[in-house]
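**Q**
In the numbering used here, the protein residues as written are 2 to 110.
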């Protein structure tokens, strides 16, 4: 059994890396990480302030809602409702009479 084989050879690449290049890449990586940390820290602080602002707004809206409910209850007291009914100039009912229907007959012929 014959097998065909192809010789693989990779070209040799010689990289000359100097100490200055390693120092520059390392320094750039450190600066990049510092900027990423500052950006992330800024985002956390901004979200914290926004959260506190929304909590304060929610608290203020709850207080205003309670105040409006209390004012609504004060407006709808029996005395105020009677005054509103009097201002409508309705006639007072003196005698009520009900219509009497015949006992058990529902349909007649």
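A virtual CB, placed ideally from N, CA and C, is assigned to each residue, including glycine.
Predicted, not measured: the structure shown is a model, and the values here were computed from it.
(1) Per DSSP, what kind of secondary structure is residue 93 in: helix, strand or coil?
(2) Would you mind listing the alpha helix (DSSP H) stretches within the stretch 5-88 that are 4+ residues and don't spill past its ends, in chain order?
(3) Rounded to a whole number of angstroms, what is the C-alpha to C-alpha distance between residue 15 and residue 44?
(4) Measure the C-alpha to C-alpha separation of residue 96 and residue 87 and round it to an integer number of angstroms.
(5) What number of angstroms, rounded off, separates the C-alpha of residue 33 from the C-alpha of residue 13?
**A** This is what the structure holds:
(1) Within the chain shown, residue 93 is the residue found at index 92, counting from 1. If DSSP states are grouped into helix, strand and coil, residue 93 belongs with coil.
(2) 20-76 and 79-88
(3) Start at 1 with the first residue of the chain shown, and residue 15 comes out as number 14. Start at 1 with the first residue of the chain shown, and residue 44 comes out as number 43. Distance from the CA of residue 15 to the CA of residue 44, rounded to the nearest whole angstrom, comes to 44 angstroms.
(4) Residue 96 sits at position 95 when you count from the first residue of the chain shown. Residue 87 sits at position 86 when you count from the first residue of the chain shown. Their backbone Cα atoms lie some 19 angstroms apart in a straight line.
(5) Position 32 of the chain shown holds residue 33. Position 12 of the chain shown holds residue 13. Spanning the two alpha carbons is a distance of roughly 32 angstroms.
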